[in-house]
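In this note's numbering, the protein residues as written are 14 to 414.
By construction, the Cβ of each residue, glycine as well, lies at the ideal position given by its N, Cα and C atoms.
Source: prediction; values computed, not measured.
These notes are about the structure you will find just below.
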């Protein structure tokens with residue numbers, strides 16, 4: 014490895030996007046970050062955030078991921094907006110990999126063998142895994158020999174016991190097709206559960222933590238002694254709390270009923286539940302800020318959608334406290350969790366019997382920063398911890414090298 018600074022590029026390749034961040038690992042600072050959007054579609058562009066905070070948007074045709082990664086590489090070394098002189102300054106690339114099935118319970122160096130095992134999980138995440146692979150292959154093609162590491166969204170949840178991950182369907186579906194709960198946002202749940210304890214000066218041993226990662230997609234996890242024992246997302250990211258466009262928990266019988274009524278095939282149902290349901294399905298808005306404003310203005314459907322949304326998060330908090338036999342720390346994170354003060358207040362309201370007492374005034378001031386928002390006499394510490402999945406990926410990458 015080159016002398017001096019260690020630089021790690023983090024890539025998160027989605028079905029039609031590529032997010033990236035280049036880290037200087039000496040002080041864990043972000044040298045530059047950005048993302049390509051509309052990959053494979055018309056009007057594709059790349060947004061770049063420079064070290065001085067300035068943002069630039071560059072239109073560029075990106076028919077597929079390899080071209081996107083290639084263009085991002087060219088921006089990193091661009092004389093005007095680049096931050097490195099030569100690509101050889103990059104020591105490694107860390108990738109966010111969505112579905113690791115049961116094969117991966119921790120981050121790994123991506124060898125051909127590992128990639129073949131990851132590819133076998135494709136039908137569990139048909140939108141994300143192939144895109145993740147394209148990112149890895151693009152780097153391989155452009156910079157052969159550069160070490161690459163995979164950090165799996167499902168890995169942290171692999172410590173769940175069978176009673177938490179099995180579905181009550183014929184057991185051979187699990188044996189043959191891997192039908193079980195896997196959970197997602199694992200890198201975020203791992204980061205914020207550990208960071209919250211560090212922030213509070215507590216050790217992982219003997220603690221019961223509930224992490225609520227609430228963004229456009231949302232999931233909660235129950236974490237005992239630093240290990241995940243349950244989580245709300247399932248075989249796919251559709252289960253659990255209500256989300257921006259996803260239904261969350263729903264009666265399986267309702268699904269077959271809707272399927273018959275609308276004459277939909279499996280893909281049609283998947284589209285309905287993943288893209289047209291959730292908050293959008295109930296009131297037409299997908300962004301929580303819009304829902305909040307509409308609800309405040311008395312729009313009935315928005316009020317109902319918002320109430321349902323808060324209610325389901327609260328139910329999971331109660332369920333996980335029951336599962337763990339108590340709760341010491343409740344953590345809110347991700348876009349909505351870090352910024353929507355009303356959601357945090359609504360979820361904690363009426364939970365005093367469980368030892369949760371929120372300081373409403375303090376909560377109202379906290380957006381996107383680490384803070385305790387419970388009262389001094391609250392048995393449960395309620396905290397806001399901004400998530401940093403990219404830093405976690407960079408840290409894992411460095412540790413493996």
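Checklist entry - DSSP three-state call for residue 193: helix, strand or coil? => result The three-state secondary structure of residue 193, taken from DSSP, is coil.
Item to check | Opening and closing residue of the alpha helix (DSSP H) in which residue 208 lies | outcome: Start and end: 199 to 213.
Checklist entry - Taking the Cβ atom as the reference point for each residue, do residue 232 and residue 141 lie within a distance shorter than 8 Å? => result For residue 232 and residue 141, no; Cβs fall outside 8 Å.
Checklist entry - Counting along the chain, where does the alpha helix (DSSP H) carrying residue 322 start and finish? => result Note, residue 322: alpha helix (DSSP H), 313 to 337.
Next on the checklist: Considering Cα atoms alone, identify which of 203, 216, 80 and 218 is closest to residue 150.
Outcome noted: Measuring C-alpha to C-alpha distances from residue 150 to each of 203, 216, 80 and 218 identifies 80 as the nearest.
Next on the checklist: Only counting the same chain, and skipping five residues up and downstream in sequence, which positions put a Cβ closer than 6 Å to that of residue 257?
Outcome noted: Around residue 257, the same chain offers 229, 291, 292 and 299 as residues with beta carbons nearer than 6 Å, after the five sequence neighbours per side are excluded.
Next on the checklist: In the DSSP assignment, the beta strand (DSSP E) including residue 31 goes from what residue to what residue?
Outcome noted: Note, residue 31: beta strand (DSSP E), 30 to 37.
Checklist entry - For residue 302, is the classification buried or exposed, using 16 other Cβ atoms within 10 angstroms of its Cβ as the cut-off for buried? => result Around the beta-carbon of residue 302, fewer than 16 other beta-carbon atoms lie within 10 Å, marking it exposed.
Checklist entry - Starting from residue 85 and walking both ways along the alpha helix (DSSP H), at which residues does that stretch end? => result Where residue 85 is concerned, the enclosing alpha helix (DSSP H) starts and stops at 78 to 89.
Item to check | Close Cβ partners of residue 73 (< 7 Å) along its chain, the five nearest in sequence each way excluded | outcome: Result list for residue 73: 57, 58, 59 and 84, in chain order.
Item to check | Identity of the residues DSSP links to residue 233 by a beta bridge | outcome: As computed with DSSP, residue 233 is found in a beta bridge with 225.
Item to check | Buried versus exposed, by CB contacts within 10 Å (16 or more), residue 376 | outcome: By the 10 Å Cβ count, residue 376 comes out buried.
Checklist entry - Buried or exposed: which applies to residue 120, given that a residue is buried once 16 or more other Cβ atoms fall within 10 Å of its Cβ? => result Result: buried.
Checklist entry - For residue 325, which option in 354, 393, 245 and 403 has the closest C-alpha, if you only look at C-alpha atoms? => result Selected option, being the one with the closest Cα: 245.
Item to check | Separation of residue 397 from residue 146, as counted between CA atoms | outcome: Inter-residue distance for residue 146 and residue 397 is about 33 Å (C-alpha atoms, whole angstroms).
Checklist entry - Does the beta-carbon of residue 270 have 16 or more other beta-carbons within 10 angstroms, so that it is buried, or is it exposed? => result Counting C-beta atoms within 10 angstroms of its own C-beta, residue 270 has fewer than 16 neighbours from the protein chains shown and is therefore classed as exposed.
Item to check | Collapsed DSSP secondary structure at residue 21 in the structure displayed | outcome: Assigned with DSSP and collapsed to three states, residue 21 falls in strand.
Item to check | Residue interval of the alpha helix (DSSP H) (run including residue 169) | outcome: From DSSP, residue 169 is part of no alpha helix (DSSP H); its letter is neither H nor E.
Checklist entry - What are the boundary residues of the alpha helix (DSSP H) that includes residue 272? => result From DSSP, the alpha helix (DSSP H) with residue 272 extends over 265 to 275.
Item to check | Minimum length 4: unbroken alpha helix (DSSP H) runs contained in the segment 332 to 413 | outcome: For the segment 332 to 413, the full-length alpha helix (DSSP H) segments reaching 4 residues or more read 347 to 352, 354 to 361, 373 to 378 and 402 to 413 along the chain.
Next on the checklist: Could you tell me the alpha carbon to alpha carbon distance between residue 14 and residue 38, rounded to whole angstroms?
Outcome noted: In this predicted model, residue 14 has a pLDDT of only 43, less than 50, meaning its place in the structure is not dependable; the value taken from the coordinates is given anyway. Straight-line measurement puts the Cα of residue 38 at about 13 Å from the Cα of residue 14.
Next on the checklist: I'd like to check one pair, residue 321 with residue 286: are the Cβ atoms closer than 8 Å?
Outcome noted: Cβ atoms of residue 286 and residue 321: not closer than 8 Å.
Item to check | Anticipated Cβ contact below 8 Å, residue 32 with residue 45, distance rounded | outcome: With a contact defined as Cβ atoms closer than 8 Å, residue 32 and residue 45 miss out at about 12 Å.
Checklist entry - From the DSSP output, which residues share a beta bridge with residue 296? => result Residue 296 is not bridged to any residue.
Checklist entry - When burial is assigned at 16 or more other CB atoms within 10 Å of the CB, is residue 330 buried or exposed? => result Under this definition residue 330 is a buried residue.
Checklist entry - How is residue 96 classed by DSSP in three states: helix, strand or coil? => result When DSSP states are grouped into helix, strand and coil, residue 96 belongs to the coil group.
Next on the checklist: Nearest by alpha-carbon distance to residue 133: which of 112, 182, 383 and 122 is it?
Outcome noted: Closest by alpha carbon: 112.
Item to check | Cβ shell of residue 406 (< 7 Å), same chain only, five flanking positions each side left out | outcome: Here the set comprises 23, 107, 109, 164 and 200.
Checklist entry - By a C-beta neighbour count over all protein chains shown, 10 Å radius and 16 as the cutoff for buried, is residue 65 buried or exposed? => result Exposed, by the Cβ-count rule.
Item to check | Three-state secondary structure assigned by DSSP to residue 42 | outcome: Correct three-state label for residue 42: strand.
Checklist entry - Does the segment 306 to 317 come close enough to the segment 209 to 216 to have 3 or more Cβ pairs within less than 8 Å? => result These segments do not touch.
Next on the checklist: Helix, strand or coil, according to DSSP, for residue 148 in the structure here?
Outcome noted: The answer is helix: DSSP assigns residue 148 an H, G or I state.
Checklist entry - Assuming residue 336 and residue 243 make a contact with CB atoms under 8 Å, what is their CB distance in whole Å? => result Indeed, because the Cβ distance is near 6 Å, the residues count as touching under 8 Å.
Item to check | Residue range of the unbroken beta strand (DSSP E) whose run includes residue 110 | outcome: Per DSSP, the continuous beta strand (DSSP E) segment holding residue 110 begins and ends at 105 to 110.
Next on the checklist: My assumption, with CB atoms under 8 Å, is that residue 346 sits in contact with residue 205. Please give the rounded CB distance.
Outcome noted: For a cut-off of 8 Å, the C-beta gap from residue 346 to residue 205 is around 5 Å, short enough to register as a contact.
Checklist entry - DSSP three-state call for residue 257: helix, strand or coil? => result Coil.
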